[in-house]
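First up is the structure itself, then whatever we jot down about it.
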Amino acid sequence: MTDLKDNSRPSLDSTALYIELMDEAATAMCAAQLARTFSAGVVYLVGGLGAGKTTLTRAWLQAKGHQGSVKSPTYTLVEPYHIHNQSIYHFDLYRLNDPFELELMGIRDYVEDEDALLLIEWPQKGEPVIPAADLSLTLTVGDDEVTRNLRLEGYSQRGLDAIQALKHDQNLRIIEPSSTMGLKDSPVDNHHV
7 MTDLKDNSRP
17 SLDSTALYIE
27 LMDEAATAMC
37 AAQLARTFSA
47 GVVYLVGGLG
57 AGKTTLTRAW
67 LQAKGHQGSV
77 KSPTYTLVEP
87 YHIHNQSIYH
97 FDLYRLNDPF
107 ELELMGIRDY
117 VEDEDALLLI
127 EWPQKGEPVI
137 PAADLSLTLT
147 VGDDEVTRNL
157 RLEGYSQRGL
167 DAIQALKHDQ
177 NLRIIEPSST
187 MGLKDSPVDN
197 HHV
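Going from the sequence shown to our numbering is simple: count from 1 and add 6.
Right, here's the structure in full:
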């Protein structure tokens with residue numbers, strides 16, 4: 007997996023993909039496609055409160071085969087899952103006071119497994135300790151308060167391959183970015199994500 011301290015990006019051009027998620031069913035369909043195209047690595051989930059990060063994560067875990075509820079690890083910081091012989095870790099760093107708390111909780115142990123999937127909400131709170139992202143997902147709430155706009159950016163070959171696969175999915179509503187989407191100004195500088 008990625009070195010913890012090196013948040014620099016590979017010299018790959020990030021090709022962003024924009025998807026409109028009209029409702030929770032569209033979010034679940036997109037999550038299922040993400041589960042199919044991006045099986046292991048580090049994913050940053052960026053967006054404000056209520057943007058849909060946990061909803062997307064829940065659908066992703068269910069698409070991977072998780073049975074039962076998916077709770078947000080807001081207070082525990084990480085919720086581990088073991089699905090079909092794969093470790094998946096859902097981090098929610100919203101309440102993290104100091105990024106170096108992650109060192110104390112043993113984040114290096116989570117990163118050592120090359121086949122693990124790390125889904126990290128509020129990644130900016132864990133910098134510079136968390137591993138660099140392979141894929142960054144930025145969610146914003148649409149004007150109707152139901153629609154979510156999703157921007158995907160790949161920062162490794164793994165992330166770029168997932169985006170390429172999603173571009174050809176006829177079931178996803180691929181859109182052109184617009185200034186009204188609120189996707190250009192995200193809380194994380196995605197060039198250093």
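Just so you know, even glycine gets a beta-carbon here, dropped at the ideal spot from N, CA and C.
- The C-alpha of residue 93 is placed about 11 Å away from the C-alpha of residue 125.
- Of the candidates 150, 165, 163, 144, 144 places its Cα closest to the Cα of residue 183.
- Residue 165: member of the alpha helix (DSSP H) spanning 163-173, first to last residue.
- Around the beta carbon of residue 35, 16 or more other beta carbons lie within 10 angstroms, which makes this residue buried.
- With the rule of 3 Cβ pairs closer than 8 Å, the segment 20-34 counts as touching the segment 155-174.
- In terms of Cα proximity to residue 38, the closest of 112, 66, 77 is 66.
- Less than 9 Å separates the beta-carbon of residue 95 from that of residue 123.
- Assignment of residue 159 by DSSP, reduced to helix, strand and coil, places it in the strand class.
- Rounded to whole angstroms, residue 111 and residue 78 show a C-alpha spacing of 18 Å.
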